[in-house]
Amino acid sequence: MKYLITGFIRFVTAIDWPMMLILLVLASTGMLVMHSAVGGTDWRFADQLRNFLVALTAMWVVALIPQPVFMKFALPCYLLGVALLIAVMLFGDTSKGATRWLNIGVARIQPSEMMKIAMPLMLAWYFQVRDGSMRFFDFIAAILLLLIPFVLIVKQPDLGTAILVLGAGAFVIYFAGLSFKLLIPLAVCAVISVTAVVSYQDVLCKSDFDWIVLRDYQKHRICTLLDPTTDPLGKGFHTIQSTIAVGSGGVFGKGYMKGTQTHLDFIPERTTDFIFAVFAEEFGMYGGVTLLLIYGLLIARGLTIAVRAQTQFGRLLAGALTMVLFIYVFVNVGMVTGILPVVGVPLPLMSYGGTALVTIGVACGMLMSINRYRPVKK
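Following numbering that gives the first Met the number 0, the numbering of the sequence shown begins with 0 at its first residue and continues without gaps.
Following this line, the structure appears as structure tokens:
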């Protein structure tokens, strides 16, 4: 009985209950929308429920781990992740034109998912070690550490995961003290590039024009975003149908289980990348805005934990993991509403899939561990 009471107390104190409440609201909403998207309680609904239980368990286990343990395993996790990415490049399984999986005998794993956690973990540890003796060279070294897995993931190709890994590492570097002035040239280059693509899309989007830095399918995604009607039944189908679904929901929505775009199978990938279109069609603008506000509360809680963290490592890691959640939401909603290219980024705690849910569960568990950690004063 004593051990049961002790274990229960550890469980209660490990959980950050404000964050847990937000996660439960999002998870419940996700299951509600999944029920509508699949039209009942078929195997996908049951699988998603199981995925949530696995993610919740992973979150609780990670929340119980003391922060110093994360620091201890930061470098080994990063090296293992890079080694697995190289193994994928050399021996990986190819599916639908992408080499992203590694067969280890008992299962197929996707090492790029691991880097979403290992990358910010590594850079937070690096800047913790360099704290107090920071030089400009340290930022250059951190950028190189970030570019290695980013390039390996882009080559698979997996642009969506590469963006998330790049964003996670970039936020750590920025939070560590990189001058905002150094980001101005990058912002200027981005504005010029977007302006050039929009202004000269007729030339740049011709089939025989080679973008060099992007693969053909990535080029087509950008060109389709600019004008989906150029291929309405092909590459533009996803964007056109999702924006129709979002717009047809109007202000109040069509009602639960009454989305015509959803139940007539017009929304592609409606249980995964485009589940927000299902939600927006059935619950309308008010429902969509409310959902975004709930995500805003989750991000605000994560940033609060980052501000209150007791160590440099904790602040950097919590800030980066929180901003990764922001990137998830921003990119997914952006591509569903037609303002960003389709890159295959799921909506946190809503989209079907076990790997992404477990990754988010681990990230939230780390945030809870950071919030609970108090260093022992010597």
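Just so it is clear, CB atoms sit at the ideal spot from N, CA and C, and this is done for glycine as well. Treat the numbers as computed from the prediction; the structure is a model and nothing was measured.
Close beta carbons around L296, own chain, < 7 Å, minus the five adjacent residues each side: Spatial neighbours of L296 in its own chain (CB-CB distance under 7 Å, excluding positions within 5 residues in sequence) are listed in chain order as I21.
Determine the closest residue to L224 out of F208, S241, G364, with distance taken between C-alpha atoms. S241
Which residues mark the beginning and the end of the alpha helix (DSSP H) in which T358 is found? Where T358 is concerned, the enclosing alpha helix (DSSP H) stretches over 353 to 371.
With a threshold of 8 Å between beta-carbons, can N331 be considered close to chain C, or not? No chain C appears in this structure, which consists of one protein chain only.
In chain order, each beta strand (DSSP E) run of at least 3 residues that lies wholly inside the region 127 to 154: none
Just confirm the distance between the C-beta atoms of V245 and A279, as a whole number of angstroms; I'd bet it's less than 8 Å. 4 Å
Helix, strand or coil: how does DSSP classify I162 here? Here I162 sits in helix by DSSP.
So is R299 buried or exposed if we call it buried at 16+ other beta carbons inside 10 Å? A small fix is needed here, since residue 299 is Ala in this sequence, not Arg. That one is exposed.
Pick helix, strand or coil for A276, following the three-state DSSP scheme. helix
Here's a check: name, in chain order, each residue in its chain whose Cβ is nearer than 7 Å to the Cβ of T238, leaving out the five neighbours to either side. T223, L224, P227, G337, V341
Can you list, in chain order, the stretches of the beta strand (DSSP E) that have 3 or more residues and sit fully within the region 33 to 119? 92 to 94, 97 to 102
Using the beta-carbon count (16 or more within 10 Å), is N102 buried or exposed? exposed
Within the continuous alpha helix (DSSP H) that includes I338, where are the two ends? No alpha helix (DSSP H) contains I338, which DSSP labels as neither H nor E.
Return the chain-ordered list of same chain residues with a C-beta closer than 7 Å to the C-beta of G159, the five sequence neighbours on each side being excluded. Around G159: V342, G343, V344.
Using a Cβ-Cβ cutoff of less than 6 Å, which residues in the same chain neighbour M121 once the five nearest sequence positions on both sides are dropped? Cβ neighbours of M121 beyond the five flanking positions: A73, Y77.
D264 burial status per 10 Å Cβ neighbour count (16 or more: buried): exposed
Given this structure, state the Cα-to-Cα distance separating F170 from G318, to the nearest angstrom. 7 Å
Can you give the beta carbon distance from V277 to V32, rounded, assuming they're within the 8 Å contact cut? 6 Å
Between the CA atoms of V335 and V202 - distance to the nearest angstrom: 26 Å
Alpha-carbon spacing of L316 relative to P119, whole angstroms: Their Cα atoms are separated by approximately 6 Å.
Following the continuous alpha helix (DSSP H) through P374, name the residue where it begins and the one where it ends. Counting along the chain, P374 falls outside any alpha helix (DSSP H), and DSSP gives it neither H nor E.
Rounded to whole angstroms, what's the CA-CA distance from N370 to L145? Just pull it up for me. 26 Å
8 Å contact criterion, which L346 and N331 should meet: CB distance rounded: 4 Å
With a floor of 4 residues, list each alpha helix (DSSP H) that falls wholly inside the region 215 to 285, ordered by position along the chain. 215 to 225, 236 to 247, 259 to 262
Going by alpha carbons, who is nearest to I274 out of R307, T310, V328? V328
Check P17 in the structure and name its three-state DSSP category. Here P17 sits in helix by DSSP.
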